[in-house]
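In what follows, a single structure is set out as structure tokens and then discussed.
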Amino acid sequence: MSDPSSQRPNNSRVFITGIGMISPMGKTLEDHLRSVKAGSTHFREVDFFDVSRQRVKTAALVDLPESLGEHHLSEKELGRLDRGTKLMLYATGEALNQAGLSDIDPHTPMVVGTSAGAMPIGEAYFKAASIEPLSRRGQVSRVEHYQPQKGMAMIQRAFDFRAQTQIISNACASGANAIGHAYQLIKSGQRPVALAGGYDGLSEMVFSGFNSLQALSLSGIPRPFDAKREGLALGEGAAMFVLETEESMLERGATPLAEIIGYGMATDLHHLTQPHPEGKAAISSMKSACKDAKVEPSEIQYINSHGTGTPLNDVAEANAISTWAGADAEKMMVSSTKSAMGHALGGAGAIEAGLCLMALREQVVPASLNVRTLDSACRFDLVTEPRSAQLDTVLTNSFGFGGCNATLILRKINSPS
């Protein structure tokens with residue numbers, strides 16, 4: 284089979300034709316819409332590892348479905364997967380089903396972002412080695428399945444395809460970077476179809492690490508952009524997208540859900556865990572995405588912010604938005620959906636892109652919940668209750684430790700007149 288990339292133009296439009304998304308908000312777009320409209324939060328005490336000695340004991344957790352959908356994995360193979368990979372398995376199946384993509388070309392790339400990967404399997408390896416150092420029982424399997432590429436290979440096996448796999452681990456920007464990279468592969472004419480998304484399941488080591496950093500809200504409830512915010516709350520989840528060219532979409536008879544029109548990224552070398560207070564890399568990331576999309580800030584109606592609820596992140600992002608948008612900032616709607624479902628780390632950017640897709644399709648803006656007193660740095664329209672609005676173009680930001688910044692811009696599919 285010849286490489287199909289050699290026959291396509293170098294400026295393809297990129298459409299989303301399938302999405303699977305599972306988060307504390309629910310297992311479908313409809314679930315997420317209901318949660319957004321209700322303005323509900325999803326935090327509870329962690330119950331699948333010991334949190335008795337932790338400062339904070341809550342997170343936003345996913346209720347794993349009894350069935351992860353139709354797939355080709357045996358019960359034994361399924362049992363070897365960690366929580367996060369199971370979430371991605373579910374999301375991938377949902378995306379493929381919605382896109383009607385059952386026969387996948389071997390040239391199709393799968394680009395996946397994750398921060399923690401299969402961390403619980405690594406934890407199990409360490410615990411087993413600590414208790415019985417000379418025992419090798421189950422350890423070889425743990426070493427094998429701890430590797431993220433093994434988990435993604437298992438997902439391909441589950442749906443009987445053998446695509447090339449690229450894994451991006453860029454902290455909390457990973458999911459957005461994965462979608463952005465797949466978008467670039469299609470836009471540049473290298474591939475007609477790609478799978479892209481991000482995932483992370485909550486793990487004991489990551490939970491303990493954020494507790495040790497004292498980055499978590501002691502109340503367990505994050506309050507992004509509140510003047511007295513005290514920290515973030517962790518979450519988990521996965522989202523997978525099917526992206527394709529207009530030509531491929533029309534040839535297959537697929538239905539577009541939204542169009543990705545811009546992607547930008549930048550690196551902030553200010554500090555390992557703290558953003559530059561002026562949000563310099565965030566500004567650069569948003570400018571780059573707008574240049575790619577050929578839009579001005581005034582054309583964007585809504586921003587799904589990174590908005591973690593930490594003192595430094597929110598003010599840096601608020602300053603960045605104000606500088607980037609200028610006079611247009613005051614009429615720009617902004618919110619943080621992490622206020623409802625926590626921070627899903629490597630999965631956050633993908634899930635939040637899914638929420639942007641939902642916002643475009645349903646013409647509803649999710650709220651920044653739990654805000655009591657607005658931070659003075661917010662010189663934009665912070666949406667604190669779910670709001671109906673006319674949305675055509677929206678932007679989502681994802682920022683990570685190490686100064687990783689990523690921005691995606693999505694556009695609504697307008698029905699023919």
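Quick note: the sequence shown uses our numbering, first residue 284, plus one each step. Backbone N, C-alpha and C define an ideal beta-carbon position, used for all residues, glycine too.
What is the DSSP secondary structure of residue i, counted as helix, strand or coil?
{"i": "Ile692", "result": "strand"}
{"i": "His325", "result": "coil"}
{"i": "Ser671", "result": "strand"}
{"i": "Asn697", "result": "coil"}
{"i": "Ile462", "result": "helix"}
{"i": "Ser618", "result": "strand"}
{"i": "Val297", "result": "strand"}
{"i": "Glu349", "result": "coil"}
{"i": "Ile387", "result": "coil"}
{"i": "Ala608", "result": "helix"}
{"i": "Thr341", "result": "strand"}
{"i": "Gly629", "result": "helix"}
{"i": "Val319", "result": "helix"}
{"i": "Gly309", "result": "strand"}
{"i": "Asp575", "result": "helix"}
{"i": "Asp365", "result": "coil"}
{"i": "Glu635", "result": "helix"}
{"i": "Thr733", "result": "Nothing can be reported for residue 733: it is not among the residues displayed for the chain, which extend from 284 to 700."}
{"i": "Val489", "result": "helix"}
So, for residue i: in the same chain, excluding its five sequence neighbours on each side, which residues have a beta-carbon less than 6 Å away from its beta-carbon?
{"i": "Lys340", "result": "Glu328 and Val334"}
{"i": "Thr391", "result": "Ala446 and Val476"}
{"i": "His464", "result": "Val394"}
{"i": "Ala650", "result": "Gly322, Ser618, Val666, Thr667, Glu668 and Pro669"}
{"i": "Gly434", "result": "Thr368 and Ala401"}
{"i": "Tyr482", "result": "Gly367, Leu370, Met371, Thr397, Ala521 and Gly630"}
Which residues in the same chain have their Cβ closer than 7 Å to the Cβ of residue i, if we skip the five residues on either side of it in sequence?
{"i": "Thr656", "result": "Asp509, Ala510 and Lys511"}
{"i": "Ile387", "result": "Phe444 and Ala446"}
{"i": "Ala660", "result": "Val598, Ala601 and Asn602"}
{"i": "Met402", "result": "Ser486, Met488 and Val489"}
{"i": "Ser581", "result": "Asp611"}
{"i": "Val345", "result": "Ile305, Ser306, Pro307, Leu370, Glu519 and Gly520"}
Are residue i and residue j touching if we call contact CB-CB under 7 Å?
{"i": "Ala436", "j": "Leu691", "result": "no"}
{"i": "Gly686", "j": "Asp551", "result": "yes"}
{"i": "Glu635", "j": "Asn587", "result": "yes"}
{"i": "Val677", "j": "Tyr585", "result": "yes"}
{"i": "Leu501", "j": "Phe493", "result": "no"}
{"i": "Val648", "j": "Met616", "result": "yes"}
{"i": "Gly630", "j": "Gly520", "result": "yes"}
{"i": "Gly503", "j": "Phe298", "result": "no"}
{"i": "Gly400", "j": "Ala633", "result": "no"}
{"i": "Ala608", "j": "Pro558", "result": "no"}
{"i": "Thr679", "j": "His626", "result": "no"}
{"i": "Ile544", "j": "Ala564", "result": "no"}
{"i": "Arg694", "j": "Glu529", "result": "no"}
{"i": "Ala456", "j": "Ser681", "result": "yes"}
{"i": "Pro505", "j": "Ser318", "result": "no"}
{"i": "Ala454", "j": "Ser398", "result": "yes"}
{"i": "Ala549", "j": "Ser568", "result": "yes"}
{"i": "Leu370", "j": "Gly484", "result": "yes"}
{"i": "Ala407", "j": "Arg419", "result": "no"}
{"i": "Gly405", "j": "Tyr373", "result": "no"}
{"i": "Val525", "j": "Leu384", "result": "yes"}
{"i": "Met532", "j": "Thr375", "result": "no"}
Where DSSP assigns a beta bridge to residue i, which residues make up the other side?
{"i": "Gln449", "result": "Val394"}
{"i": "Ala522", "result": "Met304 and Gly481"}
{"i": "Cys687", "result": "Thr550 and Gly683"}
{"i": "Leu678", "result": "Ile586 and Ile692"}
{"i": "Leu499", "result": "Leu515"}
{"i": "Leu665", "result": "Val617"}
{"i": "Val648", "result": "Arg670"}
{"i": "Val476", "result": "Glu527"}
{"i": "Ile404", "result": "BP columns for Ile404 are empty, so no partner."}
{"i": "Asp509", "result": "Leu657"}
{"i": "Gly545", "result": "Ile692"}
Check the C-beta distance from residue i over to residue j and give it rounded, since I have them as a contact under 8 Å.
{"i": "Thr620", "j": "Leu638", "result": "5 Å"}
{"i": "Ala537", "j": "Ala382", "result": "6 Å"}
{"i": "Ile469", "j": "Ala461", "result": "Contact doesn't hold; Cβ gap of about 13 Å is too wide."}
{"i": "Leu417", "j": "Met641", "result": "Contact doesn't hold; Cβ gap of about 52 Å is too wide."}
{"i": "Thr593", "j": "Ile566", "result": "With 8 Å as the limit, Thr593 and Ile566 do not qualify as a contact, their Cβ atoms being about 19 Å apart."}
Please list, in chain order, all residues of the same chain as residue i whose beta carbon is under 8 Å from its beta carbon, the five residues on each side excluded.
{"i": "Phe490", "result": "Val329, Phe332, Val334, Gln337, Ala342 and Leu517"}
{"i": "Asp314", "result": "Met308"}
{"i": "Ala572", "result": "Gly545, Tyr546, Gly547, Leu678, Thr690, Leu691 and Ile692"}
{"i": "Gln422", "result": "Tyr408, Ala411 and Ala412"}
{"i": "Leu351", "result": "Leu361, Lys369, Leu372, Tyr373 and Gly376"}
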